[in-house]
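Asks:
Number of protein chains: 2
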Amino acid sequence: MNKKEKEVTIYDIAKKLNISASTVSRGLNNDVTVKKETQKKVQSVAKQMGYRLNSLASNLRSKKSNTIGVIVPRLNSNFMADVIAGIEKVVNEGGYNLIISQSLETMEKEIINTETMFNNRVDGLLVSTTYNTNNIDHFEALIKKGVPVIFFDRVFDHTEWPTIRIDNFKAAYDATSHLIKQGSKNLFHISGNQTTNVYTDRFKGFKQALIDHHIIFDEANLLVTDLSTGSGEDVANYMLALPKLPDGVFSANDQCAVSCMQSLQKAGIKIPKDIAFVGFNNDTITKVIEPNLSTIDYKGSEMGEVAARVLINHLNGTDIKPAHSIILRSELLIRESSLRN
Amino acid sequence: MNKKEKEVTIYDIAKKLNISASTVSRGLNNDVTVKKETQKKVQSVAKQMGYRLNSLASNLRSKKSNTIGVIVPRLNSNFMADVIAGIEKVVNEGGYNLIISQSLETMEKEIINTETMFNNRVDGLLVSTTYNTNNIDHFEALIKKGVPVIFFDRVFDHTEWPTIRIDNFKAAYDATSHLIKQGSKNLFHISGNQTTNVYTDRFKGFKQALIDHHIIFDEANLLVTDLSTGSGEDVANYMLALPKLPDGVFSANDQCAVSCMQSLQKAGIKIPKDIAFVGFNNDTITKVIEPNLSTIDYKGSEMGEVAARVLINHLNGTDIKPAHSIILRSELLIRESSLRN
DNA sequence: CTGTTAGCGCCTTCAC
DNA sequence: GTGAAGGCGCTAACAG
Numbered sequence: 070m071n072k073k074e075k076e077v078t079i080y081d082i083a084k085k086l087n088i089s090a091s092t093v094s095r096g097l098n099n100d101v102t103v104k105k106e107t108q109k110k111v112q113s114v115a116k117q118m119g120y121r122l123n124s125l126a127s128n129l130r131s132k133k134s135n136t137i138g139v140i141v142p143r144l145n146s147n148f149m150a151d152v153i154a155g156i157e158k159v160v161n162e163g164g165y166n167l168i169i170s171q172s173l174e175t176m177e178k179e180i181i182n183t184e185t186m187f188n189n190r191v192d193g194l195l196v197s198t199t200y201n202t203n204n205i206d207h208f209e210a211l212i213k214k215g216v217p218v219i220f221f222d223r224v225f226d227h228t229e230w231p232t233i234r235i236d237n238f239k240a241a242y243d244a245t246s247h248l249i250k251q252g253s254k255n256l257f258h259i260s261g262n263q264t265t266n267v268y269t270d271r272f273k274g275f276k277q278a279l280i281d282h283h284i285i286f287d288e289a290n291l292l293v294t295d296l297s298t299g300s301g302e303d304v305a306n307y308m309l310a311l312p313k314l315p316d317g318v319f320s321a322n323d324q325c326a327v328s329c330m331q332s333l334q335k336a337g338i339k340i341p342k343d344i345a346f347v348g349f350n351n352d353t354i355t356k357v358i359e360p361n362l363s364t365i366d367y368k369g370s371e372m373g374e375v376a377a378r379v380l381i382n383h384l385n386g387t388d389i390k391p392a393h394s395i396i397l398r399s400e401l402l403i404r405e406s407s408l409r410n
Numbered sequence: 070m071n072k073k074e075k076e077v078t079i080y081d082i083a084k085k086l087n088i089s090a091s092t093v094s095r096g097l098n099n100d101v102t103v104k105k106e107t108q109k110k111v112q113s114v115a116k117q118m119g120y121r122l123n124s125l126a127s128n129l130r131s132k133k134s135n136t137i138g139v140i141v142p143r144l145n146s147n148f149m150a151d152v153i154a155g156i157e158k159v160v161n162e163g164g165y166n167l168i169i170s171q172s173l174e175t176m177e178k179e180i181i182n183t184e185t186m187f188n189n190r191v192d193g194l195l196v197s198t199t200y201n202t203n204n205i206d207h208f209e210a211l212i213k214k215g216v217p218v219i220f221f222d223r224v225f226d227h228t229e230w231p232t233i234r235i236d237n238f239k240a241a242y243d244a245t246s247h248l249i250k251q252g253s254k255n256l257f258h259i260s261g262n263q264t265t266n267v268y269t270d271r272f273k274g275f276k277q278a279l280i281d282h283h284i285i286f287d288e289a290n291l292l293v294t295d296l297s298t299g300s301g302e303d304v305a306n307y308m309l310a311l312p313k314l315p316d317g318v319f320s321a322n323d324q325c326a327v328s329c330m331q332s333l334q335k336a337g338i339k340i341p342k343d344i345a346f347v348g349f350n351n352d353t354i355t356k357v358i359e360p361n362l363s364t365i366d367y368k369g370s371e372m373g374e375v376a377a378r379v380l381i382n383h384l385n386g387t388d389i390k391p392a393h394s395i396i397l398r399s400e401l402l403i404r405e406s407s408l409r410n
């Protein structure tokens, strides 16, 4: 390491200009109480001397890190990439830094990451919990200290802060109703981990749609999976072995729906004639699979932006803390084959 | 803000134990010079009093932020999500924090982000440059101060540090050769911005394959686009209007290839009979489109992990700095229809 | 409008 | 093995 040149500090600038360090500090921070002329001089000399702010010192003094933390279960999904992009945009525009970590679906890591964020004195935290998170005690310390903790997508309701999410129940209800209106009577639901609001709500919506359309729900028609491509294939094989094929499937994500569709098609099943599908997420693949897959559209980037904005507005005192959860828009997109056969 | 309870500091612990703050500090950091017994006492009292390290102070003192910075052009792509996930994993395991920002393909923002990272005293920086980055002067300050700057994927060669990437030339050469071996004679290349190593190298590989197979290259057969879905459609329309259709297309990414294929198929073109395609990236969609798309596979997560590991090993002094660029493995995956027709 | 003073909480000499 | 002292660079009172 060749850190030859010593760092230029405000004292160096002060000495050069024969003024005090405080004035330099004020000048650099565009403090209104400092003369315009002095300010200009300070800034130009700072630049000329190659001064750069030492955020480390500034942070210690002001007891603020100017940093927002994010903890998500996984970073490598389409949806989460959109969310993160949205968060980054707002956070960066707001002049904050963004610290990111993934819990890899283990609560243990979520707890450790939270502690690290806490020690780093993040000014606020945005969280989407793991499948296995069954309580939120590990965030209590932050909340007690007045550090905002805002949940999005996979949420835990807590009284202090609003949560940002979509209406999973209604989206699932609409998706299922669509299948029923198209003639499906024997419906299956492919779902994910049933400890998370996201998937339990989708399941509830599915069930309620059946009930409201006088279709009897059989517990065996709920297939709990990890929603992966592999699970889609498993589900297809499972269905093919059934005495009676389903005629409608609502999947809690697109990835699993598509791989299931592909496996069924390989076995000669016609979609949607034999089995109709609706997915969830509006992933790119829904417009590539033939026939195109109807799905629930909602914007990860919007979710990220809203979550970040709520947080930052609060930190800036620009906005009062919203009293209630924020429900973002989601919409059923109805698709069909884009090819003429 | 209700920060009622004051922060517990090492002085509070010291007072309670009637020892000095230095000893507490040493005890907390498992310093060997401190008695085992004292250490235990310190740590247990610390826990009991709810002490947490103030990284802000620690950072200032040690002039280290314990943080790695990442600057990428965009966060919301499949590939970049994988890269970030890989980086996060290694960085987190190494006990560092991860600050992330996106330059949104503008060099201006890249420069600002770099300065922010610099001010925040990141211990190292991982960068994939924008399309418009035509020099890397803005990283000089970091490098001069001994802060490692490591480029990946979209790289600029500089003498100080290795770059992490794949052999784009060879991958493109292989992809094109495959098309030629399958019978293509009139080949087109869909490429991206020609200021970036990634796309110029792929183009060079394409061209060289033609030359080596005695096929004359016509500049008109290079289509420079933004590689988006929309561009894929435009390219399809362009081709359909040509006096003579191409019979082979090598696209610099999958997304554009697939949308081009879809548009052509809508117009009645048979793939691969009329036109054969090869893409790049091994995106999920390549296994959904019919026929499945042959593509170049390489792992974003691996790239992220390797880049992060090189950096962290260096910071830990575990490893000497690699002298040369690191070329990661990439591979042509040959695919065809997965359906029986 | 500017200067003086006093830390933020920690860690690292240097003593003993 | 432990303590005392000092300072990382900045900014927030408090004066004037």
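In order, the protein sequence lines correspond to chains A and B. Each number in the numbering used here corresponds to the 1-based position in the first sequence with 69 added. Each number in the numbering used here corresponds to the 1-based position in the second sequence with 69 added. Positions of the beta carbon are idealized from the N, C-alpha and C atoms, including for glycine. Predicted, not measured: the structure shown is a model, and the values here were computed from it.
Within the continuous alpha helix (DSSP H) that includes E177/B, where are the two ends?
Replies: The sequence position of residue 177/B within the second sequence is 108, counting from 1. Segment M176 to N188, the alpha helix (DSSP H) holding E177/B.
Asks: For the region 366–383 of chain B against the region 250–262 of chain B, do three or more pairs of beta-carbon atoms, one drawn from each stretch, fall closer than 8 Å, so that the two count as touching?
Replies: No, they do not touch.
Asks: Can you tell which of K158/A, E229/A, S170/A and N204/A has its C-alpha closest to the C-alpha of V216/A?
Replies: For the purposes of this step, residue 216/A is identified with residue 147 of the first sequence, where counting begins at 1. Looking at the Cα atoms, E229/A is the closest of the given residues.
Asks: With DSSP as the reference, label Q171/A as helix, strand or coil.
Replies: Indexing the first sequence from 1 puts residue 171/A at position 102. Q171/A falls in the strand class under three-state DSSP.
Asks: For K339/A, which residues in chain B fall below 7 Å Cβ to Cβ?
Replies: For the purposes of this step, residue 339/A is taken as the residue at position 270 of the first sequence. None at all; the shortest Cβ gap to chain B is about 12 Å.
Asks: Using only the alpha-carbon positions, how far apart do N385/B and G155/B sit?
Replies: Residue 385/B sits at position 316 when you count from the first residue of the second sequence. Residue 155/B sits at position 86 when you count from the first residue of the second sequence. Each residue's alpha carbon lies about 19 Å from the other.
Asks: If we define contact as Cβ-Cβ less than 8 Å, is A305/B a contact residue for chain A?
Replies: Taking the first residue of the second sequence as position 1, residue 305/B is located at position 236. Closer than 8 Å: no.
Asks: At a Cβ cut of 7 Å, what residues of the region 340–362 of chain A count as close to chain B, listed as they run along the chain?
Replies: For the region 340–362 of chain A, which is checked against every Cβ of chain B, the residues closer than 7 Å are T353, I354, V357, I358 and E359.
Asks: Using a threshold of 8 Å, state whether the C-beta atoms of L167/B and V196/B are closer than that.
Replies: Start at 1 with the first residue of the second sequence, and residue 167/B comes out as number 98. Start at 1 with the first residue of the second sequence, and residue 196/B comes out as number 127. Not a contact, by the Cβ cut-off of 8 Å.
Asks: Against chain B, with Cβ distances strictly below 8 Å, would L333/A count as a contact?
Replies: Indexing the first sequence from 1 puts residue 333/A at position 264. Cβ-Cβ to chain B under 8 Å: no for L333/A.
Asks: Roughly how far, in whole angstroms, is the beta-carbon of P315/B from the beta-carbon of F275/B, given that I think they are within contact range, below 8 Å?
Replies: Position 246 of the second sequence holds residue 315/B. Position 206 of the second sequence holds residue 275/B. About 13 Å separates the two Cβ atoms, so there is no contact after all.
Asks: In or out: D270/B buried (at least 16 other Cβ within 10 Å) or exposed?
Replies: Counting from 1 along the second sequence, the entry for residue 270/B is found at position 201. When all chains shown are included, D270/B counts as buried.
Asks: Which value, in whole angstroms, describes the spacing of the CA atoms of N237/A and F220/A?
Replies: Reading the first sequence from its first residue, position 168 is the one you call residue 237/A. Reading the first sequence from its first residue, position 151 is the one you call residue 220/A. Near 15 Å, if we compare the C-alpha coordinates of F220/A and N237/A.
Asks: Which runs of the beta strand (DSSP E) fall wholly inside the region 310–368 of chain B and span at least 3 residues, in chain order?
Replies: As far as the region 310–368 of chain B is concerned, its whole beta strand (DSSP E) runs of at least 3 residues are 317–320, 345–347 and 364–366.
Asks: Do you know whose CA, among G373/B, A150/B, E179/B and K339/B, lies nearest T202/B's CA?
Replies: Translated into the one-based positions of the second sequence, residue 202/B becomes position 133. Minimum Cα distance to T202/B is reached at E179/B.
Asks: Note down the Cα distance separating M70/A from T136/A, rounded to an integer number of angstroms.
Replies: Here residue 70/A is taken as the residue at index 1 of the first sequence, counted from 1. Here residue 136/A is taken as the residue at index 67 of the first sequence, counted from 1. Bear in mind that a pLDDT of 38 at M70/A, under 50, signals an unreliable position, so the number given afterwards is only what the model happens to contain. Roughly 28 Å between the two C-alpha positions.
Asks: Are the C-beta atoms of D151/A and some chain B residue less than 8 Å apart?
Replies: Working through the first sequence from its first residue, we reach residue 151/A at position 82. Taking Cβ atoms only, chain B reaches closer than 8 Å to D151/A, which makes this a yes.
Asks: What is the rounded straight-line gap between the Cα of K72/B and the Cα of I212/A?
Replies: Position 3 of the second sequence, counting from 1, holds the residue named residue 72/B. Position 143 of the first sequence, counting from 1, holds the residue named residue 212/A. With a pLDDT of only 40 at K72/B, under the threshold of 50, the placement of this residue in the model should not be trusted, and no figure is reported.
Asks: With distance defined between alpha-carbon atoms, name the residue in G261/A, D323/A, T232/A and G373/A nearest to I396/A.
Replies: For this step, residue 396/A is matched to residue 327 along the first sequence. It is T232/A.
Asks: Beta carbon of E157/A, beta carbon of I169/B: below 8 Å?
Replies: One-based indexing of the first sequence puts residue 157/A at position 88. One-based indexing of the second sequence puts residue 169/B at position 100. Yes.
Asks: Should R223/B go down as buried or exposed, given a rule of 16 or more other Cβ atoms within 10 Å for buried?
Replies: Position 154 of the second sequence, counted from the first residue, corresponds to residue 223/B. Looking at its Cβ environment, which holds 16 or more other Cβ atoms inside 10 Å, R223/B is buried.
Asks: With 16 as the cutoff for other CB atoms within 10 Å, does R130/B come out buried or exposed?
Replies: As a first step, residue 130/B must be located in the second sequence, where it is residue number 61. Label assigned to R130/B: exposed.
Asks: Quick one: is L402/A near chain B, going by C-beta distance under 8 Å?
Replies: Position 333 of the first sequence, counted from the start, is the residue given in the question as residue 402/A. No, L402/A does not count as interfacial toward chain B.
Asks: Report all residues from its chain with a CB closer than 8 Å to the CB of K133/A; omit the five preceding and five following residues, and keep chain order.
Replies: Position 64 of the first sequence, counted from the start, is the residue given in the question as residue 133/A. Result list for K133/A: R190 and D192, in chain order.
Asks: Report buried or exposed for I153/A, applying the criterion of at least 16 other Cβ atoms within 10 angstroms of its Cβ.
Replies: Counting from 1 along the first sequence, the entry for residue 153/A is found at position 84. Looking at its Cβ environment, which holds 16 or more other Cβ atoms inside 10 Å, I153/A is buried.
Asks: Report the three-state DSSP secondary structure of N166/B (helix, strand or coil).
Replies: Within the second sequence, numbered from 1, the residue matching residue 166/B stands at position 97. If DSSP states are grouped into helix, strand and coil, N166/B belongs with the strands.
Asks: In the structure shown, what three-state DSSP assignment does E400/B receive?
Replies: Position 331 of the second sequence, counted from the start, is the residue given in the question as residue 400/B. In the structure shown, E400/B sits in a strand (DSSP, three-state: E or B).
Asks: Measure from the C-beta of Q117/A to each C-beta in chain B and report whether the shortest distance is under 8 Å.
Replies: Taking the first residue of the first sequence as 1, we reach residue 117/A at position 48. Chain B, which has no Cβ nearer than 8 Å to the Cβ of Q117/A, makes this no.
Asks: Looking only at its own chain, which residues have a Cβ that is under 6 Å from the Cβ of I79/B, when we skip the five neighbours before and after it?
Replies: Stepping through the second sequence from its first residue, residue 79/B is reached at position 10. Within the same chain, I79/B has close Cβ partners A90, V93 and S94.
Asks: What did DSSP end up calling F286/A once you bin it into helix, strand or coil?
Replies: Counting from one through the first sequence, the residue named residue 286/A turns up at place 217. Correct three-state label for F286/A: coil.
Asks: Helix, strand or coil for F221/A, going by three-state DSSP, please let me know.
Replies: Here residue 221/A corresponds to residue number 152 of the first sequence, with the count starting at 1. If DSSP states are grouped into helix, strand and coil, F221/A belongs with the strands.
Asks: Beta-carbon of S407/A versus every beta-carbon of chain B: anything under 8 Å?
Replies: On the first sequence, position 338 is the one that residue 407/A refers to. Cβ-Cβ to chain B under 8 Å: yes for S407/A.
Asks: Quick check: is the beta carbon of R223/B nearer than 8 Å to any beta carbon in chain A?
Replies: Position 154 of the second sequence, counted from the first residue, corresponds to residue 223/B. No - not a single Cβ of chain A is within 8 Å of the one on R223/B.
Asks: From the DSSP output, read off the bridge partner residues of F257/B.
Replies: Against the second sequence, residue 257/B aligns to sequence position 188. V318/B.
Asks: Give the range of the beta strand (DSSP E) segment to which T107/A is assigned.
Replies: For this step, residue 107/A is matched to residue 38 along the first sequence. Premise fails: T107/A lies in the alpha helix (DSSP H), K105 to M118, not in any beta strand (DSSP E).
Asks: Can you say whether G164/A is buried or exposed, counting buried as having 16 or more other CB atoms within 10 angstroms of its CB?
Replies: Numbered from 1 along the first sequence, position 95 holds the residue referred to as residue 164/A. G164/A should be labelled exposed.
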